[in-house]
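Here is the structure we will look at.
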Amino acid sequence: MNVNRDAETVQDAGEAEARDGDAIVPLLSYVSSRVTLTNEEHQWAVAIKNAIVQTGDFTLTDFWYAQLAIIDKDDTEAALERAHKMQHFLQENDIADNLEEGGFVVTELAKMLPGYLLGWSQTPDGHQTLVVDSSKLDLRKISSHSTGMRTFFGSMYYLHTALNPDFKALRQGTVVMLECEGISWHTHFDLDFIRKYWSGFGSAYPIHFHQFKLFHTGVFVNMATAVTRELLPRYLRRKVEYGCVSPLGRLDCLYAVPDLEASTDRFLARFKCTLQLRYANEASFKLM
Numbered sequence: 391m392n393v394n395r396d397a398e399t400v401q402d403a404g405e406a407e408a409r410d411g412d413a414i415v416p417l418l419s420y421v422s423s424r425v426t427l428t429n430e431e432h433q434w435a436v437a438i439k440n441a442i443v444q445t446g447d448f449t450l451t452d453f454w455y456a457q458l459a460i461i462d463k464d465d466t467e468a469a470l471e472r473a474h475k476m477q478h479f480l481q482e483n484d485i486a487d488n489l490e491e492g493g494f495v496v497t498e499l500a501k502m503l504p505g506y507l508l509g510w511s512q513t514p515d516g517h518q519t520l521v522v523d524s525s526k527l528d529l530r531k532i533s534s535h536s537t538g539m540r541t542f543f544g545s546m547y548y549l550h551t552a553l554n555p556d557f558k559a560l561r562q563g564t565v566v567m568l569e570c571e572g573i574s575w576h577t578h579f580d581l582d583f584i585r586k587y588w589s590g591f592g593s594a595y596p597i598h599f600h601q602f603k604l605f606h607t608g609v610f611v612n613m614a615t616a617v618t619r620e621l622l623p624r625y626l627r628r629k630v631e632y633g634c635v636s637p638l639g640r641l642d643c644l645y646a647v648p649d650l651e652a653s654t655d656r657f658l659a660r661f662k663c664t665l666q667l668r669y670a671n672e673a674s675f676k677l678m
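FYI, in our numbering the residues of the sequence shown are 391 to 678.
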């Protein structure tokens, strides 16, 4: 545990949260310089595209071939398997993969789990940052809601997609900060749910995580995460930091200001803007 380092992380994210407040529209102006591939990445992307097209099962956008290449590099077989799993996930959850649905589904998640979505920003060193309050992730609400599972899994897809608006962001990696104080066994922990999430989506989506920081974990969360740790790939286990502490208290003290309604509106506005940037990049990028 390093309180000073944790404080710097929270401060950086908080400053980015404030700095981005009036910078939503200008985001769309810095597209092209961040959507370029190295020669090596281009070769990998073309190989992946050819392999997927030859299957005849489905096709993807050139942006997606590039995203797979950045993550799986020259392992075309791994990229092909990942792409097949993602197609199955999209079909199983009836995800249309477009801007309008993304904005709607994540807004529905915010209504279903108020206080769960706390912060959306980019750190000074370029990492897309997602901050959530895991104590608000009530699995009973998700299970009992008529469209709860589709809303949750659809939101995870669109949040991940918006966290990767361009290739530079994908290479830099995402920072995820989770508030864990208040998590309980009956409300927040379901090994079958976690397995379903990881096998169906978490292990398939092509994303690079820079850090996973778990704040105010306590004994229960440390025990629970030890149980689920084995589900994660080895590289991701090394990215998870337990027992992080914010000198300001719970993360919602920093993010849910001036109140929860305002902070949720701010989160959704930034998320939708970044998702718009992602789809704009995806539409314009072509493998030459």
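Glycine residues also receive a C-beta, built at the ideal position from the N, C-alpha and C atoms.
Counted within 10 angstroms of its Cβ, other Cβ atoms place residue i as buried (16 or more) or exposed
| i | result |
| --- | --- |
| W575 | exposed |
| L449 | The amino acid at residue 449 is misidentified as Leu; the sequence shows Thr. Label assigned to T449: exposed. |
| E482 | exposed |
| K501 | exposed |
| A473 | buried |
| A652 | exposed |
| H478 | exposed |
| D447 | exposed |
| Y625 | exposed |
| Y669 | buried |
| R643 | The displayed chain sequence assigns Cys, not Arg, to residue 643. By the 10 Å Cβ count, C643 comes out exposed. |
| D462 | buried |
Whole-angstrom C-beta distance between residue j and residue i, which should lie under 8 Å
| i | j | result |
| --- | --- | --- |
| A469 | L458 | 4 Å |
| L503 | K526 | 5 Å |
| L667 | G493 | The pair is not a contact, with the Cβ atoms about 13 Å apart (cut-off 8 Å). |
| F657 | L507 | 5 Å |
| R530 | T497 | The Cβ separation is near 21 Å, so there is no contact. |
Segment limits, alpha helix (DSSP H) that includes residue i
| i | result |
| --- | --- |
| Y632 | Segment 630 to 634 is the beta strand (DSSP E) holding Y632; no alpha helix (DSSP H) there. |
| H386 | Past the boundaries of the shown model lies residue 386; the chain is included only from 391 to 678, so the question cannot be answered. |
| G509 | Premise fails: G509 lies in the beta strand (DSSP E), 507 to 512, not in any alpha helix (DSSP H). |
| L658 | 650 to 674 |
| G492 | 489 to 502 |
| V443 | 429 to 445 |
| I460 | 452 to 462 |
| D528 | Element bounds for D528: n/a, residue is neither H nor E. |
| D642 | 642 to 645 |
Residue range of the beta strand (DSSP E) that includes residue i
| i | result |
| --- | --- |
| M567 | 564 to 569 |
| T519 | 518 to 523 |
Min CB distance residue i to chain D below 7 Å
| i | result |
| --- | --- |
| Y547 | Looking for chain D here will not work: only one protein chain is present. |
Can we say the region 589 to 606 touches the region 619 to 637, given the rule of at least three CB pairs closer than 8 Å? A contact between stretches requires three or more CB pairs, one per stretch, nearer than 8 Å, and the region 589 to 606 meets this requirement with the region 619 to 637.
What are the uninterrupted segments assigned as alpha helix (DSSP H) that are 4 or more residues long and contained completely in the region 535 to 612, given in chain order? Counting whole runs of 4 or more residues, the region 535 to 612 contains the alpha helix (DSSP H) stretches 538 to 552, 557 to 562, 575 to 578, 581 to 587.
With three or more beta-carbon pairs closer than 8 Å as the criterion, would you say the region 537 to 545 touches the region 555 to 574? With the cut-off at 8 Å, the region 537 to 545 and the region 555 to 574 do not touch.
Would you check if the region 655 to 675 and the region 552 to 559 touch, i.e. whether three or more CB-CB distances between them fall below 8 Å? The region 552 to 559 vs the region 655 to 675: in contact.
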